[in-house]
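Colleague: Have a look at this one before I ask anything.
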Amino acid sequence: MILTCPQCGSQFRVAAEKLGLYGRTVRCSRCKHSWHATPDDDESEELELSPDGEPNQTGEGTAAAEGNDGAGEAASPHAFDEDLAEFRAAHRRAMRAANPEPDAGRRFPLGWLVFAAVVLAIVAGGWFGRQQVVAYVPQTAALYDLAGVPVNSVAPGLKLRDVTRRRQLVNDTNQLVLEGRIVNSGDRAQSVPPIRATLYNQAGERLTAWRFRAEASQLAPGAETTFSSRRPDPPKEARELSLTFVASSS
429 MILTCPQCGS QFRVAAEKLG LYGRTVRCSR CKHSWHATPD DDESEELELS PDGEPNQTGE
489 GTAAAEGNDG AGEAASPHAF DEDLAEFRAA HRRAMRAANP EPDAGRRFPL GWLVFAAVVL
549 AIVAGGWFGR QQVVAYVPQT AALYDLAGVP VNSVAPGLKL RDVTRRRQLV NDTNQLVLEG
609 RIVNSGDRAQ SVPPIRATLY NQAGERLTAW RFRAEASQLA PGAETTFSSR RPDPPKEARE
669 LSLTFVASSS
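With the sequence shown counted from 1, adding 428 to any position gets you my numbering.
Now the structure itself:
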């Protein structure tokens, strides 16, 4: 059968069985154009011009390519096989160039972003809402303590405000005077437990501690009370003060 290149018009003789039932991709050996040829493309009945301009019926010999110089080239079956492999390789390269894979360093699946956001939200909620967490699940106080996170597990919702300390001489006795407020920032009534004051030296070593109570023993939501305590003859090397709520039974 005769195939004609749709690009340059060159004609080639090819065995029909080489194309198969559904055709295959071939390439012109003259202009290198590739196209999909099928058995329906047989042009063996077409006429081609001879060098003298007279029409000749295409015979059994090798078909002449209708190029500018009039010279023809025979289409080799092996050449078609090689051309097909080369065409497919070129097609794969073109597809990879048109659709490059994203840089592995820049790929960050959406699922990981969602996971990171959820973890961050849990950590933030556990930190900023730790008082509320301990209020509803007292057992979590031990976990916070293990992690070294400060939390008021005895009286969640109660806040110490405007704490002041000063030394005062009373009847020739040096006294440490502590004063401040306690505010119930929670949404329910709260009993006010005892307060423990602890003094530390510059190295962070505990020197002494004592307890005292506030003016009120119960606070409604949003309510507040005051406290005042005096410690006679506090250690002279005391540098740091810590105030914490403690359970009445401890």
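All C-beta atoms, glycine included, are put in the ideal place defined by N, C-alpha and C. Given the structure is predicted, the values throughout are model-derived calculations rather than measurements.
#1: Just to confirm the assignment, what range does the beta strand (DSSP E) spanning L588 have?
#2: Looking at L588: is its Cβ nearer than 8 Å to the Cβ of N612?
#3: Spatial neighbours of A651 within its chain, please: C-beta separation below 6 Å, excluding the five flanking residues on both sides.
#4: Check each candidate in K664, P663, F655 and R639 and name the one with the smallest Cα separation from S676.
#5: Just verifying my parser: in three-state terms, what is the DSSP assignment at D444?
#6: Would you mind working out which of R524, K446 and S438 sits nearest R685, comparing C-alpha positions?
#7: With respect to the beta strand (DSSP E) encompassing S656, which residues constitute its N-terminal and C-terminal limits?
#8: Counting C-beta neighbours from all protein chains within 10 Å, is the total for V546 16 or more, i.e. buried, or is it exposed?
#9: Do the CB positions of R659 and Q603 come within less than 8 Å of each other?
#10: Can you give me the C-alpha to C-alpha distance between R641 and A625, rounded to a whole angstrom?
#11: Give the single residue among E607, A583 and P584 whose Cα lies nearest to the Cα of R594.
#12: In whole angstroms, what is the alpha-carbon distance linking P516 and Q435?
#13: Can the beta-carbon of S645 be found closer than 8 Å to that of V620?
#14: Candidates T601, A631 and P584: which alpha carbon is nearest I610's?
#15: Would you check whether the ligand ZN has a heavy atom nearer than 7 Å to the C-beta of E633?
#16: Between M429, T432 and L671, which has its C-alpha nearest R634's C-alpha?
#17: Would A522 be called buried (16 or more neighbouring beta carbons within 10 Å of its own) or exposed?
#18: If you draw a straight line from the alpha carbon of G539 to that of A525, how long is it in whole angstroms?
#19: Looking at the structure shown, is H519 part of a helix, part of a strand, or coil, going by DSSP?
#20: When the Cα of L597 is compared with those of T466, D590 and V605, which residue comes out closest?
#21: Label G632 either buried or exposed according to how many other C-beta atoms from any shown protein chain fall within 10 Å of its C-beta, with 16 as the threshold for buried.
#22: Could you tell me which residues DSSP pairs with H464 in its beta bridges?
#23: Grab me the residues of T654's own chain with a C-beta within less than 8 Å of its C-beta, minus the 5 sequence neighbours each way, in chain order.
#24: To the nearest angstrom, report how far apart Y450 and A444 are at their CA atoms.
#25: Give the straight-line distance between the Cα atoms of T636 and I623, rounded to the nearest whole angstrom.
#26: Closer than 7 Å by C-beta to D661: which residues in its own chain qualify, once you throw out the five before and the five after it? Chain order, please.
Modeller: From the atom records:
#1: L586 to V598
#2: no
#3: Apart from sequence neighbours up to five positions away, the residues of its chain that approach A651 with a beta-carbon distance below 6 Å are N612, ordered along the chain.
#4: R639
#5: Per the sequence shown, the amino acid found at residue 444 is Ala instead of Asp. The answer is helix: DSSP assigns A444 an H, G or I state.
#6: Outside the displayed span of the chain (429 to 678) sits residue 685, for which this structure offers no information.
#7: E652 to P660
#8: exposed
#9: The answer is yes: Cβ separation under 8 Å.
#10: 11 Å
#11: E607
#12: According to the sequence as given, residue 516 is Arg; it is not Pro. Approximately 19 Å, taken between the alpha carbons.
#13: yes
#14: P584
#15: The ligand content of the structure shown is nil, which means the ligand ZN is not present either.
#16: L671
#17: exposed
#18: Cα to Cα, the separation comes out at about 28 Å.
#19: helix
#20: V605
#21: Around the beta carbon of G632, fewer than 16 other beta carbons sit within 10 angstroms, so the residue counts as exposed.
#22: T453
#23: E607, G608, R609, I610, A642 and E643
#24: 11 Å
#25: 14 Å
#26: T601 and N602
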